[in-house]
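Visitor: Protein chains in written order, with our numbering: chain A, 1 to 238; chain B, 239 to 476; chain C, 477 to 714; chain D, 715 to 952; chain E, 953 to 1190; chain F, 1191 to 1428.
Got a structure for you, questions after.
6 protein chains.
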Amino acid sequence: MRPSERAPDILRPVTLETGVNRYAEGSCLVSFGHTKVLVTASVEESVPPFLRGRGQGWVTAEYGMLPRATHTRGRREAAQGKQSGRTQEIQRLIGRSMRAVVDMKALGERQISLDCDVIQADGGTRTAAITGAWVALKLAANYLREEGLLTVDPILDQVAAVSCGVFSGTPVLDLDYEEDSNAEADSNFVLTGKGDIVEIQATGEKRGFSQAEFEALFSLARKGIGELCELQRQATGG
Amino acid sequence: MRPSERAPDILRPVTLETGVNRYAEGSCLVSFGHTKVLVTASVEESVPPFLRGRGQGWVTAEYGMLPRATHTRGRREAAQGKQSGRTQEIQRLIGRSMRAVVDMKALGERQISLDCDVIQADGGTRTAAITGAWVALKLAANYLREEGLLTVDPILDQVAAVSCGVFSGTPVLDLDYEEDSNAEADSNFVLTGKGDIVEIQATGEKRGFSQAEFEALFSLARKGIGELCELQRQATGG
Amino acid sequence: MRPSERAPDILRPVTLETGVNRYAEGSCLVSFGHTKVLVTASVEESVPPFLRGRGQGWVTAEYGMLPRATHTRGRREAAQGKQSGRTQEIQRLIGRSMRAVVDMKALGERQISLDCDVIQADGGTRTAAITGAWVALKLAANYLREEGLLTVDPILDQVAAVSCGVFSGTPVLDLDYEEDSNAEADSNFVLTGKGDIVEIQATGEKRGFSQAEFEALFSLARKGIGELCELQRQATGG
Amino acid sequence: MRPSERAPDILRPVTLETGVNRYAEGSCLVSFGHTKVLVTASVEESVPPFLRGRGQGWVTAEYGMLPRATHTRGRREAAQGKQSGRTQEIQRLIGRSMRAVVDMKALGERQISLDCDVIQADGGTRTAAITGAWVALKLAANYLREEGLLTVDPILDQVAAVSCGVFSGTPVLDLDYEEDSNAEADSNFVLTGKGDIVEIQATGEKRGFSQAEFEALFSLARKGIGELCELQRQATGG
Amino acid sequence: MRPSERAPDILRPVTLETGVNRYAEGSCLVSFGHTKVLVTASVEESVPPFLRGRGQGWVTAEYGMLPRATHTRGRREAAQGKQSGRTQEIQRLIGRSMRAVVDMKALGERQISLDCDVIQADGGTRTAAITGAWVALKLAANYLREEGLLTVDPILDQVAAVSCGVFSGTPVLDLDYEEDSNAEADSNFVLTGKGDIVEIQATGEKRGFSQAEFEALFSLARKGIGELCELQRQATGG
Amino acid sequence: MRPSERAPDILRPVTLETGVNRYAEGSCLVSFGHTKVLVTASVEESVPPFLRGRGQGWVTAEYGMLPRATHTRGRREAAQGKQSGRTQEIQRLIGRSMRAVVDMKALGERQISLDCDVIQADGGTRTAAITGAWVALKLAANYLREEGLLTVDPILDQVAAVSCGVFSGTPVLDLDYEEDSNAEADSNFVLTGKGDIVEIQATGEKRGFSQAEFEALFSLARKGIGELCELQRQATGG
């Protein structure tokens, strides 16, 4: 039995609330159960130096966690003077995941920055962030088209993510914090709307794990991401 | 006429929503119009080194702004590797303001940290943060008493804050961003529930300003802070 | 009785020695009793990026304290790798105070940097710094006119500052360190030569304080700043 | 045809030279073709603060690249004042991979630090580092047993790693730099000697990729890691 | 002819003014012509961690330059967030020079920190700093003896320093900035009162230079340091 | 008797292995006994900002030490976020030494960066680095001539370095770590192929030392550097 009493293949309640920031070109407050991430998409009419003059755009992401997003207060990264390795790893993952579904030529020489700030954390913050970031990104692209700045939609497909793990010997979908802290294996899957692989990260936490276990996790992820993509379509009117 | 069409002595709509974080000992989402600040109060059972063994507590504050809290995206302080002078100035102000109404002996050897994160900014973020921080602080003190960790309330009085300024030659209460950007004088008042002065900061933005103007700002602040204190009492069941 | 045996409305002996640096376009060693601050004004023929091409100038300030300026040695900020929040707060205040009396158009596209380094500290370093910085600034403007680089004086008025506080229940002018450490309320006033308000910062240190006390502090400040302005005129031959 | 003219399932020539540092308790210079990583294992008789007094040990890793390890000179991280996100991601991966095969109780309250410095880079530096780090780690454990500091071997199994990718539409084993720069999908597999999964990281570089492609990569990795484990056994006399 | 019209073996006017800081246990304002360095000696009743419990003391130094000490304003190291390589090199040299003449056992478990801040620079700041630092150090040792904290003088000998260089083909003593900028060879000598070598640093600036030139510089340094030692004795009443 | 049983005027076995990096324009692995430094010379077709447009080149150096180059593991500078004062001092010395024998006009507007990374340290790392850096620099210059990018050799002379010290009262050549840790005086000499002085650094470690001792050290250095220059010529085919 999972601590949350969910069946192994059941997601936590997921909500994708849009329009939560009055300035951002796209925004989404995503909840996976008690995990809440606020995502804003900001359009800037310039690209990083390494891309200037190439007629293409860029999409990047930053991730942060409010100090009391967690059970006990963590130190504020701005006060410490640097982002942790974990933070950098996560924001690199979010950026790569978004770029996998964007046509950079179609975007033109502009950058979309996705800021993912964790308001409350109960496991799965990076997968919630990816799922919500796509919504904010899509809304920003819609905004650019409505403003006449783009004629073609640069967003080629959806992208969403979920974690899966082996908990008490059983493969389960969408780990919460209590499960995550005790899982024997932990994995994050990022798939497109068509089901292609964008990113897989799988780690044996206390021991190695078997290929059969891995395949069970992958199946759960496919199911969960299918449901997340449906919610994304509803949120973006797609 | 103010851009917001408010009369000179009228606050923006203010809300103080409590219980917005499931882990923090106290929390408050404070809105002054479109300005929204999420405040959490975290109790830690230790004090900073300079106070150890003195039988007294400490209250401190940190302040941050999400990158897209503002009209155009600002740089993330954690990514830049340092907090700006403005950020440090504000968090020092919030901490001083809270400490002015806390009996540190009554609090015992523990620290309460107030994290004030601006979700959306439309002027007056520091005064909203102070007003909301007092609510979170009070709720954390209530929690300590309910848990039997404290028998006496260490919170001696309320404290709330508001900005005032001279806009188009007229003293007005509670500046929003458009007013703040164009004010001839800008001031922040922090007063206790009894009306004592905790902090006054007044600045001539484009020119010096007169003592008569200053006194008009002070009167407006007294009116506004009286109203904010009433809302604080409602929010904390006081 | 004040520890210094001064009457409540009496400044410490104040000196403003000019021409103390052979390279700077303006310089002043300011003493308020045992507090000594060396100020240099450096003219640079360029402005910060945000002002380029606008046909106007800029005035900025930096503040530092030598490690043994104080009773016990403090850590060197350069060795620690960052400026404290207090340092940044003070240098921002000095810069704002100077800019309030400068006609930036008249200054032209050049910057004047005021470096305020505390050689010895006995309370009131920020107000001494402001008072001396104006002298160095004025001398640098005189230099620019003598060199024919400016035809109009960009310095519109004087600006000077003093601290006041409530010590043992009595409002007093120009706190030294011993008074400052024990004051119930502490305030800094920055006024122009004409008496307009440039900046007021007032803080209740151990308790809130009353409006009547505030007004007494303001009156003392007016008297003190009047005397400081007279000394500034003598120092600059005005 | 691969640029290196290797068949799709063929590793580059791999060497594991031990005893290359006269001070370290274990050391290995690992080469995967032109990629060369120097690994040292350093035993310290203390553990990080979070583990003190728990009767268990710790294994950690750091990774660096000499500025001219690559085709064009990169900036020295020590001179830049921080490690890149990529560096931190890699050193966290190496540390996790080693810890998956160590019995921390058997190791006792001591730490083994694995320093992986890339002397020359031609793709696959992280997988070479993991493969060589296990050799250095094993030698350090042997040293502790020879010195009588340990009676039981804390190393529970081997661990090795290889990259695979889809290059010109074909799944291939052990990408060199030229292949890596042009791969459609890139993956790193870390497996134990018994074949269990320690870590999988798979990324679609320009597009998502299919489950069938992923499975082909996994098969290639199993073959390659089997060969690497045989070389590890030879290098450590196992 | 030297720009300063001095003969090759003549020092600039040197003054060593003591008692210039009311808090420091020893202090000296040293001038070598227009070069002015303020040195304070601070006694702290503790030693760095690597010396704790060994019954011996430590002497260390820090060096800084005010931004407008030079012809054109330099950036403030505290604002830049780090000390330059040059600064670190100089403060390490000053510390080593002082330690060469101190009996650390006789000093007891306390540290003397020498802060050397350049008020105005016209060449030779490091040699002026060393010469003045010895005076401040000696005065601090005298203070410790007067207070009864030490019974034996821990200062074993004097130490002073001077620069020499080859300017327009001629070896000259005590380079000022104009000479230093154009010297073919530049050297700093640190000698004890007895004439022993504490440190020699000699550098060919545009070309290598000969042993004969080096010997001429060394002779000049001996003469100059003899004169500096006499001034040190006068300043410290020795 | 020296710990190494060498006669006072005998170098450790020295090797200069070239072509050790497949990407660098010049490279050398230099060994002085157990001290091993890997040097690469990287040519970049641009110069630092302060030299742009002057028609001349630049040569610079960076120095680092792998964490386990030493008997006990040191902290990684990249992880600590800054280079130590010792590191900066050494890399500035290496750069100055190289620049003393390069005709910057002949080099043209390009920069050669010498990265000196200590693989294993047993005393004398900076002198080994200088000796090896010249070899890498010469090879890079040869490369530029072979590629037709230069017609004239910009390398005017050789430069090499060795340490000498007073150990147990005897002047000895080329200190190893055990000698260096116990030397009464320590010195580094950098001389050109013609025997001119590029740099001398001599330090009394526990006491001052005499001019006679200094002259003995200088004689030993001349002998040792003569032998090193012969090895450099062999390594570069000169």
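Yeah, the Cβ is synthetic: ideal placement off N, Cα and C, and Gly gets one too.
Kindly indicate which three-state DSSP category Met336 of chain B falls into: helix, strand or coil?
Guide: Three-state result, Met336 of chain B: helix.
Visitor: Mind pulling the beta strand (DSSP E) runs of 3 or more residues that sit fully within the segment 1241 to 1325 of chain F?
Guide: 1248 to 1255, 1301 to 1310
Visitor: Please confirm if Ser280 of chain B has its CB atom under 7 Å from at least one CB of chain A.
Guide: Cβ-Cβ to chain A under 7 Å: yes for Ser280 of chain B.
Visitor: I want to see whether chain C comes within less than 7 Å of Gln1040 of chain E, judged by CB atoms only; does it?
Guide: no
Visitor: Assuming Thr934 of chain D contacts Leu858 of chain D under a Cβ cut-off of 8 Å, what Cβ separation, rounded to an integer in Å, is found between them?
Guide: Residue identity differs from the one stated: residue 934 of chain D is Leu in this sequence, not Thr. The Cβ separation is near 36 Å, so there is no contact.
Visitor: What separation, rounded to the nearest whole angstrom, lies between the Cα atoms of Leu254 of chain B and Gly713 of chain C?
Guide: 57 Å
Visitor: I'd like to know whether the C-beta atoms of Ala835 of chain D and Thr749 of chain D end up nearer to each other than 7 Å.
Guide: yes
Visitor: For Tyr23 of chain A, go through chain B and note every residue whose CB falls closer than 7 Å to its CB, in chain order.
Guide: Arg306, Thr308, His309
Visitor: Give me the residue from E:Leu1180, E:Gln1184, E:Ala1052, E:Leu981 with the minimum Cα distance to Trp1010 of chain E.
Guide: E:Ala1052
Visitor: Which of the residues in the segment 524 to 540 of chain C, read from start to end, lie with their CB under 9 Å from any CB of chain E?
Guide: Glu538, Gly540
Visitor: Taking Cβ to Cβ, would you say Gly431 of chain B is nearer than 7 Å to Asp391 of chain B?
Guide: no
Visitor: Give every residue of the same chain whose Cβ lies closer than 6 Å to the Cβ of Glu822 of chain D, excluding the five residues on either side of it in the sequence, and list them in chain order.
Guide: One detail in the question is off: residue 822 of chain D reads as Gly in this sequence, not Glu. Here the set comprises Gly771.
Visitor: Would a C-beta distance cut-off of 7 Å place Arg1316 of chain F and Ile1280 of chain F closer than the cut-off?
Guide: yes
Visitor: In the DSSP output, which residue or residues are listed as bridge partners for Asp186 of chain A?
Guide: A:Gly165, A:Thr203
Visitor: Cα separation between Ile1149 of chain E and Leu1381 of chain F?
Guide: 21 Å
Visitor: What whole-angstrom Cβ distance do Ser1232 of chain F and Ser1303 of chain F have, given they're in contact under 8 Å?
Guide: 5 Å
Visitor: Which residues of chain E have a Cβ atom closer than 7 Å to the Cβ of Ala495 of chain C, listed in chain order?
Guide: Checking the displayed sequence, the identity of residue 495 of chain C turns out to be Gly instead of Ala. Under the 7 Å cutoff, chain E gives no residues; its nearest Cβ is about 12 Å from Gly495 of chain C.
Visitor: May I have the straight-line CA-CA distance separating Lys105 of chain A from Gly767 of chain D, to the nearest angstrom?
Guide: 57 Å
Visitor: Can you list the residues of chain B that Asp672 of chain C reaches, using a CB-CB cut of under 9 Å?
Guide: Annotation: Cβ neighbours of Asp672 of chain C in chain B (cutoff 9 Å, chain order): Gly442, Arg445, Gly446, Phe447, Ser448, Gln449.
Visitor: For Gly1474 of chain F, report the span of its beta strand (DSSP E) as first-last.
Guide: With chain F covering 1191 to 1428 only, the question about residue 1474 of chain F has no answer from this structure.
Visitor: With a threshold of 16 other CB atoms inside 10 Å of the CB of Asp103 of chain A, please say whether the residue is buried or exposed.
Guide: exposed
Visitor: For Ala1330 of chain F, decide whether its Cβ has a neighbour in chain D, counting only Cβ atoms nearer than 7 Å.
Guide: no
Visitor: Can you list, in chain order, the residues of the segment 1284 to 1310 of chain F whose Cβ is nearer than 8 Å to any Cβ on chain D?
Guide: Per Cβ criterion, the list reads Ser1303, Asp1305, Asp1307, Ile1309, Gln1310.
Visitor: Excluding sequence positions up to five away, which residues of its chain have a Cβ less than 6 Å from the Cβ of Glu263 of chain B?
Guide: Ala279, Val281, Ala378, Tyr381
Visitor: Ser882 of chain D: which of D:Asn735, D:Glu913, D:Asp900 sits nearest, CA to CA?
Guide: D:Asp900
Visitor: Measure the beta-carbon distance from Ala1373 of chain F to Val1349 of chain F and round it to whole angstroms, keeping in mind my assumption that it falls under 8 Å.
Guide: With 8 Å as the limit, Ala1373 of chain F and Val1349 of chain F do not qualify as a contact, their Cβ atoms being about 24 Å apart.
Visitor: For Lys376 of chain B, does the three-state DSSP call read helix, strand or coil?
Guide: helix
Visitor: Taking the straight line between their C-alpha atoms, what separation do you get for Asp355 of chain B and Glu997 of chain E?
Guide: Looking at the backbone, the Cα of Asp355 of chain B and that of Glu997 of chain E are separated by about 42 Å.
Visitor: Hey, how far is the Cα of Asp1132 of chain E from the Cα of Ala609 of chain C?
Guide: If you draw a straight line from the Cα of Asp1132 of chain E to the Cα of Ala609 of chain C, it comes to about 32 Å.
Visitor: Would Glu892 of chain D pass as an interface residue toward chain F - the criterion being a Cβ-Cβ separation below 7 Å?
Guide: no
Visitor: From the DSSP output, which residues share a beta bridge with Glu622 of chain C?
Guide: Answer is none; Glu622 of chain C lacks a bridge partner.
Visitor: With DSSP run on the structure shown, which of helix, strand or coil describes Lys1175 of chain E?
Guide: helix
Visitor: Going by DSSP, what residues sit across from Ser956 of chain E in a beta bridge?
Guide: Looking at the DSSP assignment, Ser956 of chain E forms no beta bridge with any residue, so it has no partner.
Visitor: Using the three-state DSSP reduction, which class does Pro1239 of chain F fall into: helix, strand or coil?
Guide: helix
Visitor: Taking CB distances under 7 Å as the criterion, tell me whether Arg790 of chain D reaches chain A.
Guide: no
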